[in-house]
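Count the sequence shown with mature numbering (1 follows the signal peptide of the UniProt record, and there is no 0) and you get residues -21 to -1, 1 to 167, in order.
Even for Gly, the Cβ is constructed at its ideal location relative to N, Cα and C.
Below: the structure, in structure tokens.
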Amino acid sequence: MSRFLKTALITAMALPASAQAATVMDTQAQTSAGQLFTYSFGGLEPATGPGTITITARGDYSTPFPDIEFLEYDIEGLLTGALAPVGADSFTRFSFNDVEFTAVFDLSLADLNGLLSDNVIELSLDLSGPVNIFDADSFTSVMIDYPSSSPTPEPASWAMMIGGFGLVGGAMRRSRKRRLRFSADPSA
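Listed below in structure tokens is the structure:
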């Protein structure tokens, strides 16, 4: 093996495996006033760093009445509370009653690993009774985003594939039989 090939091989093996982002999202339409939404995200990989859970809701959340029109959340008992458009990270008012708002919760690595101990994150969103269906656009949505470890990171997969091509090519080159033929020289 040449020195260059050995150096390239050692360098490729020494590269750290990259973390893949795990992003899952689900949206559910509101079908009744004061509806309870349950979300269950299964088959999730362990976390390698901190992440976020983003809750978005649209519906009959009148901003002058945050004490009666709100959304209660429960993320496996780790995070519980109530959200209204006024206290959210961002909100958009489409009309007096039609409001969409988003709240982002930052989770530490320890919190995420606690939630992911069974590879499932479950949460519920419970609308207060006065939150009626405003129109067909009423919904709740949950997005979970965090860095995770994957079984075979992509850079390692590419390195293994290229190495495999090299091994197959080398084996084919060595197994090829060669015959030496001499051409007859008519002038001799």
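For Leu58, write down the residues that DSSP places opposite it in a beta bridge.
According to DSSP, Leu58 bridges with Ile54.
Which residue from Glu48, Met4 and Ser41 puts its Cα closest to that of Gly21?
Among Glu48, Met4 and Ser41, the Cα nearest to that of Gly21 is on Met4.
Quick check: what's the CA-CA separation for Gly13 versus Leu104?
Their Cα atoms are separated by approximately 10 Å.
Nearest neighbour of Val121, chosen from Phe73, Thr10, Phe80 and Arg72 [CA to CA]
Among Phe73, Thr10, Phe80 and Arg72, the Cα nearest to that of Val121 belongs to Phe80.
Got a sec, what are the start and stop residues for the beta strand (DSSP E) Leu106 sits in?
Ile100 to Leu106 is the extent of the beta strand (DSSP E) around Leu106.
Mapping the DSSP letters down to three states, classify Leu86 as helix, strand or coil.
Per DSSP, reduced to three states, the secondary structure at Leu86 is strand.
Residue burial classification, Leu146 (beta-carbon count within 10 angstroms, cutoff 16)
When all chains shown are included, Leu146 counts as exposed.
One question on the structure: do Val83 and Asp97 come within less than 9 Å of each other, judged by their Cβ atoms?
Contact flag unset, no.
In DSSP terms, what Tyr125 is bridged to:
Ala1, per the DSSP bridge assignment.
Can you tell me whether DSSP reads Phe73 as helix, strand or coil?
In the structure shown, Phe73 sits in coil (DSSP, three-state: anything other than H, G, I, E or B).
Helix, strand or coil: which one does DSSP assign to Asp97?
In the three-state reduction of the DSSP assignment, Asp97 falls in the helix class, which pools H, G and I.
Could you tell me whether the segment 35 to 45 touches the segment 112 to 119, where touching means 3 or more Cβ pairs closer than 8 Å?
Segments in contact, yes.
Which word fits Ser41, buried or exposed, when buried means at least 16 other C-beta atoms lie within 10 angstroms of its C-beta?
Sixteen is the threshold: when 16 or more other Cβ atoms of the shown chains lie within 10 Å of the Cβ of Ser41, as they do, the residue is buried.
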